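Notes follow the structure.
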Amino acid sequence: MKKIFFIVCLIYNFFMTTLFASSTIEFIDSVNRKIEVPKKIERIVPSGYNTQIIIAGFSPEMMVSISKEVPKKVLQKIPTYPYNLPITGQFYGKTSNFNKEELINLQPDIIIDIGEKKKNIVNDLNEISKSTDIPVVFIEFNLKNITTIYDLLGKLLNKEEKAKEINNFLTKNLNMISDGLAKIPLEDRLSFIQVGGKSFSIDPANSSHTEAIETAGGINKAKIGNSNKKSRTENLNIEEIITWDPDIIFVKDKASYEAILEDSRWSNLKALKNKKIFLIPENPYNYVTSPPSINKIMGVFWAAQIMYPQIFDYDLNNLEKEFNHLIFGF
Numbered sequence: 001m002k003k004i005f006f007i008v009c010l011i012y013n014f015f016m017t018t019l020f021a022s023s024t025i026e027f028i029d030s031v032n033r034k035i036e037v038p039k040k041i042e043r044i045v046p047s048g049y050n051t052q053i054i055i056a057g058f059s060p061e062m063m064v065s066i067s068k069e070v071p072k073k074v075l076q077k078i079p080t081y082p083y084n085l086p087i088t089g090q091f092y093g094k095t096s097n098f099n100k101e102e103l104i105n106l107q108p109d110i111i112i113d114i115g116e117k118k119k120n121i122v123n124d125l126n127e128i129s130k131s132t133d134i135p136v137v138f139i140e141f142n143l144k145n146i147t148t149i150y151d152l153l154g155k156l157l158n159k160e161e162k163a164k165e166i167n168n169f170l171t172k173n174l175n176m177i178s179d180g181l182a183k184i185p186l187e188d189r190l191s192f193i194q195v196g197g198k199s200f201s202i203d204p205a206n207s208s209h210t211e212a213i214e215t216a217g218g219i220n221k222a223k224i225g226n227s228n229k230k231s232r233t234e235n236l237n238i239e240e241i242i243t244w245d246p247d248i249i250f251v252k253d254k255a256s257y258e259a260i261l262e263d264s265r266w267s268n269l270k271a272l273k274n275k276k277i278f279l280i281p282e283n284p285y286n287y288v289t290s291p292p293s294i295n296k297i298m299g300v301f302w303a304a305q306i307m308y309p310q311i312f313d314y315d316l317n318n319l320e321k322e323f324n325h326l327i328f329g330f
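Per our numbering, residue 1 is the first one in the sequence shown, and the count goes up by one each step.
So this is what it looks like as structure tokens:
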């Protein structure tokens, strides 16, 4: 009898192990963490707003929460946006408000974090996964690895054809930008600053906020602050800006744009004299920042044409329509 019971236990253990193994796969994320994730993922929680924006365009039907409320202007543009979901907050940032209890109650298959590679990110994500008993996958975001994001999402969510279609568009058009910039000597490239926001601040060189315009061939004059901190802004110093005298000024919001035009201290800058001050468009998000997410790709296309129209003479409206259709679903 004992022998039979032992054999039954062995068979049961083998069956359960095989069943578990067949229902999961090993996924290697952007910080080389090997994670067991469900083979078929149906329920996703985004770790923050940047992730929310990307997943809402790529797999809205899988989202079971959002990290923050969706602006009305976005909902008016994207009717498929899954806005009416519980809010689980975000892991990182100034407004870090991660709601672990709500997340656990939702019973997601996975938590996805798409963003900058933070200093302690491996320990942070391992701790969240351990405390919630839910796998957490990190995918690094920057414009240099933009196609890798969709490659990984395609594999993770079994949407490789959709990822391939998006990446074909991104590769083709970003190569067009890099090929065009190769024709412009470094000494002939235009300088710029990027300003605005609620605190009327300036975005330093090599920050996540200016990545789009720098990728489009602009030379950021604001080489200030801590270059190791990517998502940062600095206090605006008009005296310093006057000494820089950039070729172009990009402004993030209408209030700041109007304030510059009305302030006589800016009037002697060559950008103002040459009418090279531009309000950054929004459709549905700001083209270059706020948030500094996938929307920055349109910022690259727009800024390249603003700065070097003799090289980049493509139809921006058609490019935007295709981008919005593929990335945001409208």
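Each residue gets a CB set at the ideal place from its N, CA and C atoms; glycine is no exception.
In this text, all values refer to a predicted model and were calculated from it rather than measured experimentally.
Buried or exposed by the 16-neighbour rule on C-beta atoms within 10 Å, applied to residue i
{"i": "Ala304", "result": "buried"}
{"i": "Asp179", "result": "exposed"}
{"i": "Gln55", "result": "One detail in the question is off: residue 55 reads as Ile in this sequence, not Gln. Answer is buried; the Cβ neighbour count reaches 16."}
{"i": "Leu186", "result": "exposed"}
{"i": "His209", "result": "buried"}
{"i": "Ile87", "result": "exposed"}
{"i": "Ala332", "result": "As shown, the chain starts at 1 and ends at 330. That puts residue 332 outside it, with no answer to give."}
{"i": "Leu103", "result": "buried"}
{"i": "Lys117", "result": "exposed"}
{"i": "Ser67", "result": "buried"}
{"i": "Ile28", "result": "exposed"}
{"i": "Ser30", "result": "buried"}
{"i": "Val8", "result": "With a pLDDT of 46 at Val8, under the threshold of 50, the modelled position of this residue cannot be trusted; read the value that follows with caution. Looking at its Cβ environment, which holds fewer than 16 other Cβ atoms inside 10 Å, Val8 is exposed."}
{"i": "Glu214", "result": "buried"}
{"i": "Gln52", "result": "buried"}
{"i": "Leu153", "result": "buried"}
{"i": "Asp133", "result": "exposed"}
{"i": "Lys252", "result": "buried"}
{"i": "Asp113", "result": "buried"}
{"i": "Asn317", "result": "exposed"}
Beta-ladder partner(s) of residue i, from DSSP
{"i": "Glu400", "result": "One cannot answer for residue 400 here, as it falls past the ends of the chain, which runs 1 to 330."}
{"i": "Gln194", "result": "Phe250"}
{"i": "Lys34", "result": "Ile28"}
{"i": "Ser201", "result": "Gly196"}
{"i": "Ile128", "result": "DSSP output for Ile128 lists no bridge partner at all."}
{"i": "Ile114", "result": "Ile139"}
{"i": "Ile277", "result": "Ile249"}
{"i": "Val45", "result": "Ile111"}
{"i": "Ile87", "result": "Ile66"}
{"i": "Glu165", "result": "None, per the DSSP bridge assignment."}
{"i": "Glu234", "result": "Ile202"}
Residue from the options with nearest C-alpha to residue i
{"i": "Ile238", "options": "Phe200, Lys162, Glu101 and Ala212", "result": "Phe200"}
{"i": "Met63", "options": "Thr80, Thr24 and Pro71", "result": "Thr80"}
{"i": "Ile110", "options": "Lys34, Val195, Pro46 and Lys252", "result": "Pro46"}
{"i": "Leu157", "options": "Ile306, Phe58 and Lys273", "result": "Phe58"}
{"i": "Leu174", "options": "Asn318, Lys198 and Thr147", "result": "Thr147"}
{"i": "Ile224", "options": "Ala212, Ile139, Glu214 and Ile202", "result": "Ile202"}
{"i": "Lys221", "options": "Gly197, Arg189, Ile193 and Leu236", "result": "Ile193"}
{"i": "Phe328", "options": "Leu153, Leu170, Ala212 and Ile294", "result": "Ile294"}
{"i": "Gly196", "options": "Ile166, Pro135 and Leu261", "result": "Leu261"}
{"i": "Asp313", "options": "Asn123, Lys34, Lys162 and Ile177", "result": "Ile177"}
{"i": "Leu236", "options": "Lys172, Ala271, Lys198 and Asn168", "result": "Lys198"}
{"i": "Asn142", "options": "Asn324, Ile297 and Pro309", "result": "Ile297"}
{"i": "Trp302", "options": "Ser65, Ile280, Asn167 and Tyr257", "result": "Ile280"}
For residue i, three-class secondary structure by DSSP
{"i": "Ser178", "result": "helix"}
{"i": "Gly299", "result": "helix"}
{"i": "Val64", "result": "coil"}
{"i": "Gly57", "result": "helix"}
{"i": "Ile241", "result": "helix"}
{"i": "Gly154", "result": "helix"}
{"i": "Lys229", "result": "Because the pLDDT at Lys229 is just 49, under 50, the model does not fix this residue reliably, and the value given afterwards should be weighed accordingly. Three-state DSSP puts Lys229 in coil, outside helix and strand."}
{"i": "Asn220", "result": "strand"}
{"i": "Glu160", "result": "helix"}
{"i": "Glu214", "result": "helix"}
CB-CB length for residue i against residue j, believed under 8 Å
{"i": "Ile242", "j": "Gly217", "result": "Actually they are not in contact, since the Cβ atoms of Ile242 and Gly217 sit about 24 Å apart, beyond 8 Å."}
{"i": "Asp247", "j": "Ser191", "result": "5 Å"}
{"i": "Tyr49", "j": "Pro291", "result": "5 Å"}
{"i": "Gly115", "j": "Asn99", "result": "The Cβ separation is near 18 Å, so there is no contact."}
{"i": "Asn283", "j": "Glu234", "result": "Wrong, their Cβ atoms sit about 27 Å apart, outside the cutoff."}
{"i": "Arg189", "j": "Ile149", "result": "Going by Cβ atoms, the distance from Arg189 to Ile149 rounds to 27 Å, so no, they are not a contact pair."}
{"i": "Val300", "j": "Ala212", "result": "5 Å"}
{"i": "Thr24", "j": "Glu42", "result": "14 Å between Cβ atoms; not a contact."}
Within-7 Å CB hit, residue i to chain C
{"i": "Thr148", "result": "The chain inventory of the structure shown lacks chain C, comprising one protein chain alone."}
Any non-hydrogen atom of the ligand ATP within 6 Å of residue i CB
{"i": "Leu143", "result": "Absence of the ligand ATP is noted for the structure shown, with no ligands found whatsoever."}
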